[in-house]
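In the numbering used here, the protein residues as written are 47 to 124.
Just so it is clear, CB atoms sit at the ideal spot from N, CA and C, and this is done for glycine as well.
Remember, predicted model here, so these are calculated numbers, not experimental data.
First up is the structure itself, then whatever we jot down about it.
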Amino acid sequence: MSDLISNGVATIGGLIKSLTELLLAVVSLSIVSEVAFGSTIFGTSVVDNLTGIIGSIGGENGLVGLIALLILVGILRK
């Protein structure tokens, strides 16, 4: 019974990890295409949304915004 639960948790964890990697790839593609071509690819401006989120966390040009940007870059580099 314990092995069944462990296998189920491992399967769900792997699925969540794969889905997260896929979504990060889509967000990265959106950012690169928006910067390169100047238009949105999925109907929303990902760069504006990220800028808004970072601005609401740390204000304009704040230290918290810089830290959030570094965390975002670290996540996207994985």
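Option in the options with minimal Cα separation from residue i
i, options, result
"I134", "L65, S74 and I99", "With the chain covering 47 to 124 only, the question about residue 134 has no answer from this structure."
Simplified DSSP state of residue i, which is helix, strand or coil
i, result
"G84", "coil"
Element boundaries [alpha helix (DSSP H), containing residue i]
i, result
"G89", "Segment: none, G89 is in no alpha helix (DSSP H) and carries neither H nor E."
Check whether residue i and residue j have beta carbons under 8 Å apart
i, j, result
"A114", "I121", "no"
"V93", "V81", "yes"
"G111", "G98", "no"
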